[in-house]
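> Got a structure here, written out as structure tokens. Questions coming.
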Amino acid sequence: MAGVADRAMRELCRDYGAAYVVGELASAKGIARRDRKSAALLEVCAKEHPMGSQLFGDDPKLMAAAACRAMDFLPDFIDINMGCPAPKVANNGGGAALMKRPVLAAEIVRAIVKAVPVPVTVKIRAGWDEQSLNAVEVARRCEDAGASVITVHGRSRKQMYAPPVNLEIIRAVKQSVSVPVVGNGDVDSPQAAARMLEQTGCDLIMVGRAAAGAPWIFSQINAYLKDGTLLPDPPVSERMLVLLRQVSRMAEYKGERIALREARKHAAWYMRGLKNAAAYRRQCGGLETMRQLEELCCRVCMEQERMREHDS
């Protein structure tokens, strides 16, 4: 979710009922070097609470120092990423690479727990590859080192985001530790959320990629888990209004030029499942101003309505 779950998206997810949010992945080395881009990823705003600052790295001292720096922005917790499979993270020892070094992973947790006054959470994967599915060991070590919550993505680093998530490894972690466990992976519908809860016994569910272009998934999951209600996806007109609201916030926080460049992928995600979606996505790739986005949204609404009337 790096480069995706920015402040505007996180606020929308909270509006739709997300229990808490986690900031974008921030480099401990970058923070230690006073890199402005890395530091900007630590900002926590009033509408986001409860929110955690998410750090990656492989040096306990640097990670602890970065966590202390993050506390200047008053996060509710510090989240250590031990699950990111991206080569630029894992190939440098951070993210999912820590699954290969359980002792170091625990040292990092212990150092941060000692350094900050807020809870420290950890996100791990099933393991590095299918020959080393060691999530239970890593989870136990992290708990012993002081981790308050453990999130498990039920795939190895080698598997990236396919095949289907392994619910058994999440269940095994839940049965092996006493701290709350959060299940993650393939939660793209209310039914998938219920299935993960039922089959793993986890305490909470983390939604990632499925919220991109569909922040209302949180209200849908909450309604289904509460009483079995299946809320429909919002109509196209509402989807476009939510897109405009998200990008307007991005422009407010980052400036229109940067926001619209970053919003192209978000706009394309909001078009998923629509008739003529491929053409709309191509148009999203050329967005440069809010006016252009507004015109595209209006065009999408009108064209979708015409196609609906024609089909009926």
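Sequential numbering from 10 applies to the sequence shown in our numbering.
Heads up, the beta-carbon is just placed ideally off N, CA and C, and yes, glycines get one too.
Fair warning: this is a prediction, and the values are worked out from it, not measured in the lab.
1. Entirely within the stretch 248 to 307 and at least 3 residues each: give me those beta strand (DSSP E) ranges in chain order.
2. Do the CB positions of A17 and Q255 come within less than 7 Å of each other?
3. What residues match up with Q63 in a beta bridge as DSSP calls it?
4. Report the option in S157, L234, I178 whose CA atom is closest to the CA atom of S198.
5. Between V216 and V30, what straight-line distance do the alpha-carbon atoms span, to the nearest angstrom?
6. Suppose contacts are defined by Cβ-Cβ distances below 7 Å. Is G32 in contact with Q63 by that definition?
7. Using 8 Å for Cβ pairs, my map puts I89 next to I121. What's the rounded Cβ distance?
8. Whole angstroms is fine: what's the gap from L50's alpha carbon to A11's?
9. On a Cα-Cα basis, can you pick out the residue from F65, L107, M60, L71 that is closest to P3?
10. Using a threshold of 7 Å, state whether the C-beta atoms of N193 and G26 are closer than that.
11. Take P243 and list the residues in its own chain whose beta-carbon comes closer than 8 Å to its own, dropping the five residues that flank it on each side.
12. Return the CA-CA distance between V182 and A148, expressed in angstroms with no decimal places.
13. Using three-state DSSP, classify A49 as helix, strand or coil.
14. Mark P173 as exposed unless 16 or more other C-beta atoms lie within 10 angstroms of its C-beta, in which case mark it buried.
15. Which residues mark the beginning and the end of the alpha helix (DSSP H) in which K183 is found?
Answer, in terms of the structure:
1. For the stretch 248 to 307, not a single whole beta strand (DSSP E) run of length 3 or above is found.
2. Position 8 of the sequence shown, counted from the start, is the residue given in the question as residue 17. Position 246 of the sequence shown, counted from the start, is the residue given in the question as residue 255. Yes; because the gap between Cβ atoms is below 7 Å, this pair is in contact.
3. Reading the sequence shown from its first residue, position 54 is the one you call residue 63. DSSP output for Q63 lists L34, D88 as bridge partner(s).
4. As a working note, residue 198 is residue 189 in the sequence shown. Taking the Cα of S198 as reference, the smallest distance to any Cα among S157, L234, I178 is reached at L234.
5. Counted from its first residue, the sequence shown places residue 216 at position 207. Counted from its first residue, the sequence shown places residue 30 at position 21. Between V216 and V30, the C-alpha separation is close to 10 Å.
6. Translated into the one-based positions of the sequence shown, residue 32 becomes position 23. Translated into the one-based positions of the sequence shown, residue 63 becomes position 54. Yes, Cβ-Cβ distance for G32 and Q63 is below 7 Å.
7. Position 80 of the sequence shown, counted from the start, is the residue given in the question as residue 89. Position 112 of the sequence shown, counted from the start, is the residue given in the question as residue 121. Right, the Cβ-Cβ distance comes to about 7 Å (below 8 Å), so this counts as a contact.
8. The count along the sequence shown starts at 1 and reaches residue 50 at position 41. The count along the sequence shown starts at 1 and reaches residue 11 at position 2. Cα to Cα, L50 sits roughly 10 Å from A11.
9. Look at the range of the chain in this structure, 10 to 321, and you will see that residue 3 is not part of it.
10. Reading the sequence shown from its first residue, position 184 is the one you call residue 193. Reading the sequence shown from its first residue, position 17 is the one you call residue 26. Not a contact, by the Cβ cut-off of 7 Å.
11. Within the sequence shown, numbered from 1, the residue matching residue 243 stands at position 234. Same-chain partners within the cutoff: W225, V251.
12. Position 173 of the sequence shown holds residue 182. Position 139 of the sequence shown holds residue 148. Roughly 7 Å between the two C-alpha positions.
13. In the sequence shown, residue 49 corresponds to position 40, counting from 1. If DSSP states are grouped into helix, strand and coil, A49 belongs with the helices.
14. Reading the sequence shown from its first residue, position 164 is the one you call residue 173. Only exposed fits P173, as fewer than 16 other CB atoms lie within 10 angstroms of its CB.
15. Along the sequence shown, read from residue 1 onward, the residue named residue 183 stands at position 174. The continuous alpha helix (DSSP H) containing K183 extends over residues 176 to 185.
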